[in-house]
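Engineer: Have a look at this one.
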C-alpha cells in the first residue's frame with residue numbers, strides 16, 4: 027500500500043529499485059509470474075468483482091481471464107504457461123478451477139470437501155498442491171489431476187497454509203500454527219517426510235522457494 031492504495035510493483039532484489047505495474051481502483055493483488063517471466067497473472071476488481079487478469083510486462087497490456095461476479099483469486103500458472111489454476115466461490119464455496127489463458131471454458135478441479143484454495147501446480151503439471159480443510163483444520167493436500175483424488179499431506183493439529191512447492195517437486199514449504207505462533211513446515215510431495223523448521227523468535231508466513239532452490 028502507498029498513499030492508502032494497493033498496488034503491484036516489481037522490485038530489483040539487488041538495488042531495491044521499484045517499478046509500478048498496477049494501481050487500479052480496488053483490489054490489485056495475488057501476482058504470479060508466468061514460467062517465461064514475460065507475463066504476470068493478477069487479481070483486479072477495477073470493474074467490480076475480483077477477476078483474474080494476465081498482464082504483459084513489457085507492454086502492460088491486460089487480458090481478462092475470468093468474467094463474472096464471483097470472487098476469483100489466487101491465480102497460479104501451469105508449467106507450460108498455457109493455463110491458470112485459481113480459487114473461486116462460484117460453486118458456493120472456495121474451490122479450485124482451471125482456465126486456459128488463450129480463452130475457452132473454465133473447469134472445476136476440486137470436489138473433495140467444502141474448502142480447497144491456494145493451488146499451485148507441481149513441476150510435472152500432473153498434480154496441484156493446495157489448502158484443504160478437514161474437520162475444521164486447514165491442511166496441505168495434493169490433488170491428482172488425472173484421477174481427481176485428493177490426498178492430505180500434513181498431519182499437524184494446527185492450521186497450515188501458503189504452500190510453496192520446490193522447483194524439483196520434492197518438498198512443499200508452508201506455514202503452520204505451532205504452540206500459538208506461525209512457523210515454517212516442510213512435507214515431501216508423497217507425505218512420507220514431515221518436519222517443522224526451528225525458530226526461537228518471531229513468526230513466519232507466506233514462504234516461497236526461489237527458482238534455483240531444490
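Residue numbers (the working numbering): 27 to 240. Heads up, the beta-carbon is just placed ideally off N, CA and C, and yes, glycines get one too.
Return the residue from the list 150, 172, 149, 195 that minimises the CA-CA distance to residue 134.
Structural biologist: The shortest C-alpha separation from residue 134 is found at 172.
Engineer: By Cβ distance, which residues of its chain are closer than 7 Å to residue 140, with the 5 residues on each side in sequence left out?
Structural biologist: 119, 159.
Engineer: Between residue 202 and residue 190, how many whole angstroms is the CB-CB distance? I'm expecting something under 8 Å.
Structural biologist: The Cβ separation is near 13 Å, so there is no contact.
Engineer: Could you name the residues that DSSP lists as bridge partners for residue 72?
Structural biologist: For residue 72, which the question treats as bridged, DSSP gives no partner whatsoever.
Engineer: If you follow the beta strand (DSSP E) that residue 83 is in, where does it begin and where does it stop?
Structural biologist: Note, residue 83: premise wrong, no beta strand (DSSP E); not H, not E.
Engineer: Using C-beta distances below 8 Å, list every residue in its chain close to residue 128, excluding the 5 sequence neighbours before and after it, in chain order.
Structural biologist: Closer than 8 Å at Cβ, skipping near neighbours: 108.
Engineer: With distances taken Cα to Cα, identify the nearest neighbour of residue 52 among 114, 184, 165, 76.
Structural biologist: Considering only alpha carbons, the answer is 76.
Engineer: Report the three-state DSSP secondary structure of residue 235 (helix, strand or coil).
Structural biologist: Residue state, collapsed to three classes: coil.
Engineer: Exposed or buried, what is residue 46 when buried is set at 16 or more other beta-carbons lying within 10 Å of its beta-carbon?
Structural biologist: Looking at its Cβ environment, which holds fewer than 16 other Cβ atoms inside 10 Å, residue 46 is exposed.
Engineer: Could you give the DSSP three-state label for residue 95: helix, strand or coil?
Structural biologist: Residue 95: coil per DSSP, three-state reduction.
Engineer: Excluding sequence positions up to five away, which residues of its chain have a Cβ less than 6 Å from the Cβ of residue 30?
Structural biologist: So no residue of the chain qualifies.
Engineer: If contacts are defined as beta-carbon pairs under 8 Å, then residue 110 and residue 56 qualify, I think. What distance do you get, rounded to the angstrom?
Structural biologist: Going by Cβ atoms, the distance from residue 110 to residue 56 rounds to 11 Å, so no, they are not a contact pair.
Engineer: Would you kindly work out how many angstroms separate the C-alpha atoms of residue 225 and residue 209, rounded to a whole number?
Structural biologist: C-alpha separation (whole angstroms): 7 Å.
Engineer: Roughly how many angstroms lie between the CA atoms of residue 222 and residue 115, to the nearest whole one?
Structural biologist: So the two alpha carbons sit approximately 32 Å from each other.
Engineer: Identify every residue that forms a DSSP beta bridge with residue 37.
Structural biologist: In DSSP, residue 37 forms a bridge with 44.
Engineer: Report the rounded CA-to-CA distance for residue 164 versus residue 100, giving the unit in angstroms.
Structural biologist: Whole-angstrom Cα-Cα distance: 17 Å.
Engineer: Determine, using beta carbons only, whether residue 233 and residue 179 come nearer to each other than 9 Å.
Structural biologist: Not in contact: residue 233 and residue 179 (Cβ atoms no closer than 9 Å).
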